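Colleague: Mind looking over this structure? Questions follow.
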Amino acid sequence: MNFKSYRIIDNLMRNDKYLPITIALLLTFCLLSCDGGLAPKPESEKSYLNGTLRFVNGIADWPHEDSILAVRVVAFKKFPDSTGIFADILSGNAYFTLASLPLFVDSSRFAFEITDSPTDLVYIAAIQQFDTLITSQRVIGLYNISDEKHKPSTIRIEPGKHYDITIDIDFKDLPPMPF
Amino acid sequence: MKKNLYILLIIFLGSTAYSNAEVISGNVYDAVSGDVLSGATIRVEGTAYGAIADRNGKFTINLKNPKSNLTLIISMIGYETQKMQIDFNNDKIDVQIILKSQPLQTGEVVVSANKRVQAVQEVPISVSVIDKRQLDARGVSTLDRALEYVPGLEMNQDNVSIRGSSGFSFGIGSRAALLLDGNPLLSGDNGDMKFDALPMYNIDRIEIVKGAGSALYGSGALGGVVNLITEQPRDKADIRFRTYAGFYTKPRHEQWVFTDDLQHRSGLSGSFSQKLGKVGVLLSGGYYNDMGYRDYDNTYRTSMFGKINYDFTDRTNLSILLNGAFSDGSDWVYWNSLDSATRPPTDTDREVRINSDKFAVFGNLNHIFNSNFFVSARAGFYLTEYSNTLPTDDFEHRQSKAIALNSEIQANYSITSRSALTFGLNSTNTTVSSITYGDQRQDIYAAYIQNESKITQDFLMTLGVRADYEDFKTNESNGDLADGELVLSPKLGLAYNYSPILHFRASAGAGFRAPSVAERFSSVSFQGFEVLPNPQLKAEKSWSFEVGANYTVEFYDTPIYFDIAFFQNDLYDLIEPSFVSPTSATILFQNVTRAKIQGLEFATKSFIAGFLGLESSLTYMNPRNLANDEILNYRSEILWYNRLLIPYGDFELQADYRFKSRVKNIDPQLGILVRDADARVDMHVVDARLIYDMTNLTGQQLKLTMNISNVFDYYYTTMVGNLGITRMISLMLEAQF
Chain G
-9 MNFKSYRIID NLMRNDKYLP ITIALLLTFC LLSCDGGLAP KPESEKSYLN
41 GTLRFVNGIA DWPHEDSILA VRVVAFKKFP DSTGIFADIL SGNAYFTLAS
91 LPLFVDSSRF AFEITDSPTD LVYIAAIQQF DTLITSQRVI GLYNISDEKH
141 KPSTIRIEPG KHYDITIDID FKDLPPMPF
Chain R
23 MKKNLYILLI IFLGSTAYSN AEVISGNVYD AVSGDVLSGA TIRVEGTAYG
73 AIADRNGKFT INLKNPKSNL TLIISMIGYE TQKMQIDFNN DKIDVQIILK
123 SQPLQTGEVV VSANKRVQAV QEVPISVSVI DKRQLDARGV STLDRALEYV
173 PGLEMNQDNV SIRGSSGFSF GIGSRAALLL DGNPLLSGDN GDMKFDALPM
223 YNIDRIEIVK GAGSALYGSG ALGGVVNLIT EQPRDKADIR FRTYAGFYTK
273 PRHEQWVFTD DLQHRSGLSG SFSQKLGKVG VLLSGGYYND MGYRDYDNTY
323 RTSMFGKINY DFTDRTNLSI LLNGAFSDGS DWVYWNSLDS ATRPPTDTDR
373 EVRINSDKFA VFGNLNHIFN SNFFVSARAG FYLTEYSNTL PTDDFEHRQS
423 KAIALNSEIQ ANYSITSRSA LTFGLNSTNT TVSSITYGDQ RQDIYAAYIQ
473 NESKITQDFL MTLGVRADYE DFKTNESNGD LADGELVLSP KLGLAYNYSP
523 ILHFRASAGA GFRAPSVAER FSSVSFQGFE VLPNPQLKAE KSWSFEVGAN
573 YTVEFYDTPI YFDIAFFQND LYDLIEPSFV SPTSATILFQ NVTRAKIQGL
623 EFATKSFIAG FLGLESSLTY MNPRNLANDE ILNYRSEILW YNRLLIPYGD
673 FELQADYRFK SRVKNIDPQL GILVRDADAR VDMHVVDARL IYDMTNLTGQ
723 QLKLTMNISN VFDYYYTTMV GNLGITRMIS LMLEAQF
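Residue numbers (our numbering), protein chains in the order written: chain G, -9 to 169; chain R, 23 to 759.
What follows is the structure, given as C-alpha cells:
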C-alpha cells in the first residue's frame, strides 16, 4: 500500500462522522429518482384500429398531383357537423393519422391506437388535403359494411382488442361531405 | 480611412499614457503548498487595469496617475477571490499575494451585471456563475447541458427560461440575451440560441444575470442575460485534447426499444493556445456525433473557434473572435405517442435532414486613456443558415439565412472616486433572406447610460436607462407592418455591504424584446400544423423587481454560504404561439398575455471539513397568466437543484440531483394535436461522475472521467411530447501538454 492510499484511508477515518451525511444524501437522491417516471401502457390493455385503404381503380385513377397533398384517415366518435373536421379533432372527438399515407398507390395500410376504449367510432373516413391549408380537406372514402355505398358504419372498440377494416376509395364516385 | 485614423489616434494616446506609467508587480502563491499560481487574474477595482499571472506566478500592471489608495481584486478558479488594499506612495510597488483554495466558488468576479468587472457581492441583482471546472467536469459540449444546473433557470427544450420568463416555442424569440464575450449571439431570423454554436471547450465561465437587463443589453434581455466568457491565450504553449465515447442504455420498457444496436455518442476536441510577445492566439476545433436515445435522432456536428489578441500597448488591445459550427440533424419535433416515446411520428420521412451553419466574427478594441477613462469598441456579425433537404417546391421545405451585424462603442468614466459612469451607443442590423420568412430587414439603434455611485463606503446605487428604436422593412406584401417603436428601459439598483459576510441588494429594471423575424413572418407547414405571419406584432415588455441578501457563516470551521432573493417579474404583451381559432390547426404568434411571476429563490453552499462539498438551490415561483388567472402555460413552479462533491486524493466523486415540478398547463389545442401530451411528470434526475486526476500516476496532465447521465434512468418529458435524455454512460479523457 503506497503513501497515497494511506492518506485516503486516513481521510476517511478522520471524516467518518460525515459519511452518514453523504450516504443519507445519496440515498435521498436515489429514492427520489426511483419511481421510474413515465411508462407506456401495457400492450395487453391497448386497442388499435388498423386498416387498408383500397383505391378501386388503381394508380391511374388518382387526381392530378397538384390537388392532392396528403391522404389521412379520421375516425369520429360522434357524427361530424358543419364546424368541420378540425373542430372535432381539436375537441378530442376524433382520431386521425398525423402524417400523410402514401400517395399514388393501389392500396395502403394505416393504424392508430384508440386510447379511450370502450368507445363507438361512428364515422371513419379517408380524407384528402387538396391545398397547402391544413383545413382544406374533403372526404374520399368511408368505412361501410352496409348495402348502401355512402352510408357510414359504426364500429365498437373494446379494450385490449385490435380491429382491421377496409375503406374503398373511388375517385369517380366520392361520398357526400358531411360538413 | 476614418477608421484607420481612429486607431492611430488611440495608439498615440495609449503611448502617451504609457510614458507616465507607474507599476504594480508581484507574485501569486497557493496558501498551502506555496506553489506559484499561473493564470490568476489581478484587476484594479473600478478601472480597466489588470493582468494575468504568468507561468511563474508573476504579474505587472502599468498605471497612469494612480490614486493613492487602490484595491486589487485577485481571482482564480478553485481559489477564494481576494481583495487587497494598496497604498500607492512610490512609482513601483511589489505585492505578494496568497490565495486560499476553495473547491466551491462563492466570491466570484463578474462582468455581465454592469458591463464592468465587479465582485459579485457588489452587484444589485442575482448573478450565477458556472466556472470552467464545472464545465470540464460535466464534459458539456453544448450550452443547454451547461445551463441545466443553474439555480432558477429551466430548460424548456429549446427555450431558456430564467425565473419563469419563457414558455415553449422551439426556442424562437429567446427571452434571455445570449452573449459571447459581450457580443450578441441570438440568431437574426428566429431570435433563438443555437446551443451547438458555442465554443464550450474554450469557455472560461458563464455568467447568468437574472431579471430584466435591457437597460444595458437592449432587446432580448427580457428575463435575463447569459454571457459566455472565453479563455485567454496562455503564456506558454498549451495544447489540450479531450475525447469521449459513451452509449445510451436500453430503455427498460420493451415498447421503447427500437434497435438492437448500441446507440453511441463520441466526440473529439483539441485546442492550441500561446501568447508570443504582443500576439496571443487560441485555436480550437471539434467533431461530435450522437446516435441519440431515440429512433432517427442522430446528429453530427463540427465546430471551430479562434481568438486572436494583439496588444498595441499596455493600454490598447484588440481581440478578434472567430466561431463556426456546422450540424446535420433529424427533422421531427414530437414523439409518436407515449407508447412509442422513442420514435418519431409514423410515416416521418427519414430521408429528410436539417442542415444548419453558424458563423460569427467579432472584433473588440479596448483602450485605457487613464485610470478614470477607458473605451471599448465592438463590431462583428453572426451568420446563421438552415434548410431541410426537401425539394424547394415542397410545401414543407424550410430555409432561412440571416446576418446580424452588431456594432457598439462603450465608455467607462470615473467622475469621482465614488462615481462610475458607463455609457455607449449600439446598433444591430439584421438582414434575412428566407423561403420561410421572406426577405426582411430589422434595425435597432440604441443609446445607454448608467451611473454607479458609492453613497457611503458600503452603499452603492446604480441608476441607468437605455433607449432602443426598432425599425422594420419587408419585401413581402404581408399586410401592414407595426410602426417603428421607441422603447425606454430604466433600471435602479442598490447594494449594501453590511459587513464582509452580509450583503443586501435590491433592484428594479425594465426589459423588452422586439419580435423576431420568425414571429412576424413565419409561413410554415410542418407535421400537420400551419404557422401564418403576423406583421402587426409589437415588442413585449417586462419589469423585474428583486430584493436579496447573502450571508456567510462559520460553523465549526466550516463556512456556509446562504443567498435568498424575492423576485417579481411583470410581463406585458407576451408573444405566444397561439391557435387562431378552436377549430383549426393554424398558429399565429400574437401579443396575448399579461403575466406576473412572483417567487423566492434560496441557495446555499458549503464545503464541510474539506471532505464534502454541497450546493443546493430552491426556486419557488407562482407564474400567473393574468388574462385568465391561471398558471402560465409551460412553466414549472418548483426548481430544486443539488450538487454534491467528495474529493479523495486524486479522485473526485460528483453527483447532481435536479427536481423540476410537473408543468401544469399547456396550450389545450396542442394537447390534442400531440398524442399523450398529458404524459408529464415531475422531473427527478441524478447525474454522477467520477474524476481521476492521473497526473501523479503518469507524470503527464491527464484526467479520466466516467460520466453517468440520468443514473436511475428516470423517464420524463422535456416539454410536450418529448422524452428527456435517458441513461447515458461515457468515458472522457483529457490531456494537457
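Cβ coordinates follow ideal geometry from the N, Cα and C atoms, glycine included. Since the structure is predicted, the reported quantities are computational estimates derived from the model, not experimental observations.
If you draw a straight line from the alpha carbon of Thr370 of chain R to that of Thr125 of chain G, how long is it in whole angstroms?
Modeller: The residue labelled residue 370 of chain R in the question sits at position 348 within the second sequence. The residue labelled residue 125 of chain G in the question sits at position 135 within the first sequence. Roughly 20 Å separates the two Cα atoms.
Colleague: Quick one: is Asp158 of chain G near chain R, going by C-beta distance under 8 Å?
Modeller: Numbered from its first residue, the first sequence carries residue 158 of chain G at position 168. By this cut-off, Asp158 of chain G is not an interface position.
Colleague: In terms of residues, what are the limits of the alpha helix (DSSP H) holding Leu640 of chain R?
Modeller: Within the second sequence, numbered from 1, the residue matching residue 640 of chain R stands at position 618. Careful: Leu640 of chain R lies outside any alpha helix (DSSP H), inside the beta strand (DSSP E) at 634 to 647.
Colleague: Using beta-carbon positions only, say whether Gln118 of chain R and Gly61 of chain R come within less than 8 Å of one another.
Modeller: Here residue 118 of chain R is taken as the residue at index 96 of the second sequence, counted from 1. Here residue 61 of chain R is taken as the residue at index 39 of the second sequence, counted from 1. No, they are not a contact pair.
Colleague: How many whole angstroms separate the CB atoms of Ser529 of chain R and Pro146 of chain R, which I take to be in contact at a CB cut-off of 8 Å?
Modeller: Here residue 529 of chain R refers to the residue found at position 507 of the second sequence. Here residue 146 of chain R refers to the residue found at position 124 of the second sequence. Right, the Cβ-Cβ distance comes to about 4 Å (below 8 Å), so this counts as a contact.
Colleague: Using a 10 Å radius around the Cβ and a threshold of 16 neighbouring Cβ atoms, would you call Leu165 of chain R buried or exposed?
Modeller: For the purposes of this step, residue 165 of chain R is identified with residue 143 of the second sequence, where counting begins at 1. So Leu165 of chain R counts as buried.
Colleague: Put Leu666 of chain R into one of helix, strand or coil per three-state DSSP.
Modeller: Taking the second sequence and counting its residues from 1, one reaches residue 666 of chain R at position 644. Strand, per DSSP.
Colleague: Compute the beta-carbon to beta-carbon distance between Met98 of chain R and Thr63 of chain R, rounded to the nearest angstrom, for a pair I have assumed lies under 8 Å.
Modeller: Reading the second sequence from its first residue, position 76 is the one you call residue 98 of chain R. Reading the second sequence from its first residue, position 41 is the one you call residue 63 of chain R. Rounded, the Cβ-Cβ distance is 7 Å, consistent with contact.
Colleague: Listing by chain order, which chain G residues have their CB less than 8 Å from the CB of Ile825 of chain R?
Modeller: Coverage of chain R is limited to positions 23 through 759, which leaves residue 825 of chain R absent and any answer about it impossible.
Colleague: Using DSSP bridges, identify the partner residues of Leu510 of chain R.
Modeller: Position 488 of the second sequence, counting from 1, holds the residue named residue 510 of chain R. R:Ala489, per the DSSP bridge assignment.
Colleague: Measure the C-alpha to C-alpha separation of Val63 of chain G and Gln590 of chain R and round it to an integer number of angstroms.
Modeller: On the first sequence, position 73 is the one that residue 63 of chain G refers to. On the second sequence, position 568 is the one that residue 590 of chain R refers to. Spanning the two alpha carbons is a distance of roughly 48 Å.
Colleague: With a cut-off of 8 Å on the beta carbons, I'd call Pro30 of chain G and Trp278 of chain R a contact; round off their distance for me.
Modeller: By one-based count along the first sequence, residue 30 of chain G stands at place 40. By one-based count along the second sequence, residue 278 of chain R stands at place 256. The Cβ separation is near 7 Å, so the contact holds.
Colleague: Answer yes or no: does any C-beta atom of chain G fall closer than 8 Å to that of Ser123 of chain R?
Modeller: Residue numbering aside, residue 123 of chain R sits at position 101 when the second sequence is read from its first letter. Taking Cβ atoms only, chain G never reaches closer than 8 Å to Ser123 of chain R, which makes this a no.
Colleague: For the stretch 35 to 67 of chain G, enumerate the residues whose C-beta is nearer than 8 Å to any C-beta of chain R, in chain order.
Modeller: Those residues of the stretch 35 to 67 of chain G that come within reach of chain R (Cβ to Cβ, closer than 8 Å) are Lys36, Leu59.
Colleague: Residues of chain R with CB closer than 9 Å to the CB of Thr144 of chain G, please, in chain order.
Modeller: The residue labelled residue 144 of chain G in the question sits at position 154 within the first sequence. Simply none; closest approach about 23 Å.
Colleague: Let me check understanding here. Comparing Cα to Cα, which of R:Arg702, R:Thr452, R:Arg256 lies closest to Ser293 of chain R?
Modeller: Indexing the second sequence from 1 puts residue 293 of chain R at position 271. Ser293 of chain R has its Cα closest to that of R:Arg256, out of R:Arg702, R:Thr452, R:Arg256.
Colleague: Decide if Pro166 of chain G is buried, meaning its Cβ has at least 16 other Cβ atoms within 10 Å, or exposed.
Modeller: The residue given as residue 166 of chain G occupies position 176 in the first sequence. Under this definition Pro166 of chain G is an exposed residue.
Colleague: Kindly indicate which three-state DSSP category Trp278 of chain R falls into: helix, strand or coil?
Modeller: Here residue 278 of chain R corresponds to residue number 256 of the second sequence, with the count starting at 1. Here Trp278 of chain R sits in helix by DSSP.
Colleague: So which residues of chain G does Phe192 of chain R contact, with C-beta pairs closer than 7 Å?
Modeller: Within the second sequence, the letter at position 170 stands for residue 192 of chain R. Near Phe192 of chain R there are no residues of chain G at all, since even the closest Cβ is about 17 Å away, more than 7 Å.
Colleague: Do Tyr153 of chain G and Ile159 of chain G come within 8 Å of each other at the CB atom, strictly closer than that value?
Modeller: If you number the first sequence from 1, residue 159 of chain G lands on position 169. If you number the first sequence from 1, residue 153 of chain G lands on position 163. No; because the gap between Cβ atoms is not below 8 Å, this pair is not in contact.
Colleague: Short check: CB of Val546 of chain R to CB of Thr615 of chain R, under 8 Å?
Modeller: As a position in the second sequence, residue 546 of chain R is number 524, starting the count at 1. As a position in the second sequence, residue 615 of chain R is number 593, starting the count at 1. Taking 8 Å as the Cβ cut-off, Val546 of chain R and Thr615 of chain R do not qualify as a contacting pair.
Colleague: Give a yes or no on whether 8 Å exceeds the smallest Cβ distance from Trp278 of chain R to chain G.
Modeller: Taking the second sequence and counting its residues from 1, one reaches residue 278 of chain R at position 256. Cβ-Cβ to chain G under 8 Å: yes for Trp278 of chain R.
Colleague: Let me know if Ser57 of chain G comes out buried or exposed under the rule of 16 or more other beta-carbons within 10 Å of its beta-carbon.
Modeller: Along the first sequence, read from residue 1 onward, the residue named residue 57 of chain G stands at position 67. That one is exposed.
Colleague: Got a sec: is the Cβ-Cβ distance from Pro367 of chain R to anything in chain G below 8 Å?
Modeller: Translated into positions along the second sequence, residue 367 of chain R becomes position 345. Interface residue, yes.
Colleague: Between the stretch 633 to 650 of chain R and the stretch 233 to 252 of chain R, can you find at least three pairs of beta-carbon atoms closer than 8 Å?
Modeller: Contact fails: fewer than three Cβ-Cβ distances are below 8 Å.
Colleague: Which bits of chain R does Phe19 of chain G rub up against, with CB to CB less than 7 Å?
Modeller: Along the first sequence, read from residue 1 onward, the residue named residue 19 of chain G stands at position 29. The answer, in chain order, is Ala677, Tyr679, Val708.
Colleague: Quick check on the DSSP output: the beta strand (DSSP E) that includes Val63 of chain G runs from which residue to which?
Modeller: One-based indexing of the first sequence puts residue 63 of chain G at position 73. Taken as a continuous stretch (DSSP letters only), the beta strand (DSSP E) holding Val63 of chain G covers 60 to 66.
Colleague: Are the CB atoms of Ala115 of chain G and Leu43 of chain G nearer to each other than 8 Å?
Modeller: Indexing the first sequence from 1 puts residue 115 of chain G at position 125. Indexing the first sequence from 1 puts residue 43 of chain G at position 53. No, Cβ-Cβ distance for Ala115 of chain G and Leu43 of chain G is not below 8 Å.
Colleague: Below 7 Å on C-beta distance, what does Gly26 of chain G contact in chain R?
Modeller: The residue given as residue 26 of chain G occupies position 36 in the first sequence. Going along chain R in sequence order, the residues near Gly26 of chain G (Cβ under 7 Å) are Tyr736, Tyr737.
Colleague: Please go through the same chain and pick out, in chain order, the residues whose beta-carbon is closer than 7 Å to the beta-carbon of Phe759 of chain R, but skip the five residues on each side of it.
Modeller: Looking up residue 759 of chain R in the second sequence gives position 737. Cβ neighbours of Phe759 of chain R beyond the five flanking positions: Ile261.
Colleague: Give the straight-line distance between the Cα atoms of Lys476 of chain R and Gly515 of chain R, rounded to the nearest whole angstrom.
Modeller: Residue numbering aside, residue 476 of chain R sits at position 454 when the second sequence is read from its first letter. Residue numbering aside, residue 515 of chain R sits at position 493 when the second sequence is read from its first letter. Cα to Cα, the separation comes out at about 12 Å.
Colleague: Is DSSP giving Gly27 of chain G helix, strand or coil here?
Modeller: Taking the first sequence and counting its residues from 1, the one referred to as residue 27 of chain G is at position 37. Correct three-state label for Gly27 of chain G: strand.
Colleague: What separation, rounded to the nearest whole angstrom, lies between the Cα atoms of Leu675 of chain R and Ile713 of chain R?
Modeller: Residue 675 of chain R sits at position 653 when you count from the first residue of the second sequence. Residue 713 of chain R sits at position 691 when you count from the first residue of the second sequence. Looking at the two C-alpha atoms, the distance is approximately 6 Å.
Colleague: Output needed for Thr453 of chain R: all residues of its chain with C-beta closer than 6 Å, excluding positions within five of it in sequence on either side, in chain order.
Modeller: The sequence position of residue 453 of chain R within the second sequence is 431, counting from 1. These residues qualify, in order along the chain: Ile425, Arg463.
Colleague: Using the Cβ count rule (16 or more neighbours within 10 Å means buried), how would you classify Pro10 of chain G?
Modeller: Taking the first residue of the first sequence as position 1, residue 10 of chain G is located at position 20. Per the 10 Å Cβ criterion, exposed.
Colleague: Cutting at 7 Å between CB atoms, please list the residues of its own chain near Asn339 of chain R, excluding the five before and the five after it.
Modeller: Translated into the one-based positions of the second sequence, residue 339 of chain R becomes position 317. Around Asn339 of chain R: Asn331, Tyr332, Asp333, Asn388.
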